[in-house]
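In my numbering, the protein residues as written are -18 to 722.
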């Protein structure tokens, strides 16, 4: 029978040629600190690990399993390459049997997080390098379930909820005449539900049936079964593998949304990145468990696991919690036309599906995210179509999807590639007003009534130290983020045709190129802070719409100092009635749903206790009555009286749009425009004006830079009403005065 030994330490060299090795704990990343501190300067390159191997058992085959090594990993024994893997998020194994038989007891693993032609190449998150997930030494009998089949267990279970039938495909290595594969199905209580046996072959197919199977039914009852596969020889077990699975049926209707087991099951949830403060991607099982506990607490029933394959343990946790999952590959932002890049999309999609085939939580395979940022082409369309076809071939039981960048036209060919689709929309943050989301969704649905539409990303930044009684777009206040989410939740509640909505993001995460809201190296759109210690007010806004667990929460606990005019008190609850008390005195009761606002509450100078009660639930915060606005609550350099974009072009006559050959224009992409000193100077000055100066202008510059391969013309369209209609012609007129080299 097989044995598994977790490797918990290794020697590490950031610069292997130096010969300086240090002992590190595994999992490990070399970017846990520099990947989160801003500056877009975290270390990317090839680092190395030396891993000691345990003494082997005689007569076994031995494998070293890596659950995540970013981007490319190559394994050597005594200078000889044993294997290489391209893709930073999936499991792979190398056979170390022959090397160990020759006396090798240590392998060298080189990991490169800057490799060209391997996705992702450009994205709004840090690409942490290292052996950041578990490394395991595996010993098995010479006859075993195939450990080299795309990083899987070699066992694939296909249940049918309609009739209870189960097909099991088992792949074995070195099976002998007379060997058999036995399959026992166990229910959630461990009782035998069915069994079957077949002669062992390289590809063994088994079939059985469970009478009246208990369904995997989302968060209400995520019933799971175990398929226990054993290779038997002469009555003795040679190798054994367990695979959890579940019976469920699902579909998506363009008018009714997501349907689970024959009933409407609206999907409302979050997206998740896997990194954590001071840890990067090298996180523990306890970290995964805490993440899921927070997601369950907010009341989500679906998770988009962006933008790559996540840890197998987290998928398993989601199976057991009843979360409906969208799992995807990192085909993101920029399309690369090389054959190696194309082949990498195919291998990453193959591994994603193969390694996660048995998870009942997964209902959707995502083939790309915002891939049009880098521009469109026939080669890109063909690559996307190929990925869709591959997913349907490998797994006909699930649906494909993709996340479109907001600028994707409603009639785009891209909207017809996958089974269902979603848009990443940020009206009310990067562009436009939050109220524009509903009309856009309705227009798309009216123009494309046959398409199943979802919202794959929506969000706004919320930094805990910034506060406002009159929040506005891009002030980075906790209050604006909460207001934005309230409006989005209202929008979704009246549009049942949306098959899913996913908040961007459940947690703040590292994006080393960012410098926004007074925080470097961070995307602050999370409902929870990067260290998982603080739930923002927006967390409770979502909980008020989604959760069935009775609660009440007084918002604004960090907005302590309240001057006159700042003394409204907002309460979130999923109860129908809320009563507010100030310093022990009842001040009022309101009936309603989700959000309860008590206006112009009288506060005495100094500290006041503010308590909300809803049924048996109670929450208290402390507010301080002050005479004047606390300026420490306002993001520095944010001057609300500064001239903004609305009057930027006042009195200026925009020139006629011309695009002379050999000169720059708005049709050039941002990367090229920022590379030229003259055009970069033009744009840098305009960024400040477009953002109203200060931090807003800096954040706009950062965002423009991240859209490097997108033509400026498209970016200006994406900005919507944040840019006056005269702006494109005016900017184009400036750029066309600069000659290309």
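Note that beta-carbon positions come from the ideal geometry of N, C-alpha and C, so glycine has one too.
- Inter-segment contact for the stretch 212 to 220 and the stretch 151 to 165 is present: three or more beta-carbon pairs are separated by less than 8 Å.
- Beta bridge pairing from DSSP links residue 644 with 720.
- By alpha-carbon distance to residue 222, the top candidate from 657, 540, 136, 643 is 136.
- C-alpha of residue 191 to C-alpha of residue 140: approximately 9 Å in a straight line.
- Residue 448 is not bridged by DSSP to any residue.
- Remark: C-beta atoms of residue 383 and residue 349 approach each other more closely than 8 Å.
- When rounded, the separation of the alpha-carbon atoms in residue 160 and residue 171 is 26 Å.
- For residue 472, the closest C-alpha among the options 436, 460, 267 is that of 436.
- Taking the Cα positions, residue 110 is about 24 Å away from residue 509.
- Distances from the alpha-carbon of residue 401 to those of 719, 17, 232 put 232 closest.
- Linking residue 465 to residue 415 through their CA atoms gives a straight-line distance of about 7 Å.
- Boundaries of the beta strand (DSSP E) harbouring residue 383: 380 to 386, taken from the DSSP string.
- For residue 261, the secondary structure class from DSSP, reduced to helix, strand or coil, is strand.
- Closest option to residue 406, judged by alpha-carbon separation, among 392, 545, 422: 422.
- Judged by pairs of C-beta atoms under 8 Å, the stretch 4 to 18 touches the stretch -16 to -8, as three or more such pairs exist.
- Beta-carbon to beta-carbon, residue 243 and residue 197 are separated by about 13 Å, too far to satisfy the 8 Å threshold.
- Contact between residue 647 and residue 694 holds, with the beta-carbon distance rounding to 4 Å and staying under 8 Å.
- With a cutoff of 8 Å on beta-carbon distance, residue 463 and residue 518 are scored as near each other.
- Straight-line measurement puts the Cα of residue 485 at about 13 Å from the Cα of residue 470.
- Annotation: the continuous beta strand (DSSP E) that includes residue 345 extends over 343 to 350.
- When rounded, the separation of the alpha-carbon atoms in residue 565 and residue 604 is 13 Å.
- Taken atom to atom, the span from the alpha-carbon of residue 591 to that of residue 117 is near 53 Å.
- In chain order, 10, 12, 13, 16, 109 place their CB closer than 6 Å to the CB of residue 261, counting only its own chain and leaving out the 5 sequence neighbours on each side.
- DSSP places residue -12 in the strand class (E or B) of the three-state scheme.
- Between the stretch 493 to 512 and the stretch 556 to 571, the count of Cβ pairs shorter than 8 Å is below three; the stretches do not touch.
- Residue range 266 to 279 is occupied by the alpha helix (DSSP H) that includes residue 279.
- With a beta-carbon spacing of about 5 Å, residue -15 and residue 119 fall inside the 8 Å limit used to define contacts.
- Taking the Cα of residue 47 as reference, the smallest distance to any Cα among 36, 439, 71 is reached at 71.
- Buried is the label assigned to residue 594, since at least 16 other Cβ atoms lie within 10 Å of its Cβ.
- Each residue's CA atom was taken as its position, placing residue 195 and residue 204 some 6 Å apart.
- The way I'd put it, the stretch 53 to 62 doesn't touch the stretch 303 to 314; fewer than three beta-carbon pairs between them come closer than 8 Å.
- DSSP places residue 238 within a strand segment (E or B) once states are collapsed to three.
- Rounded to whole angstroms, residue 521 and residue 278 show a C-alpha spacing of 10 Å.
- Nearest to residue 96 by C-alpha distance, out of 87, 25, 39, 82, is 25.
- Distance from the Cα of residue 450 is smallest, within the candidate group 193, 272, 547, for 547.
- Going by DSSP, residue 527 is part of the alpha helix (DSSP H) stretching over 518 to 527.
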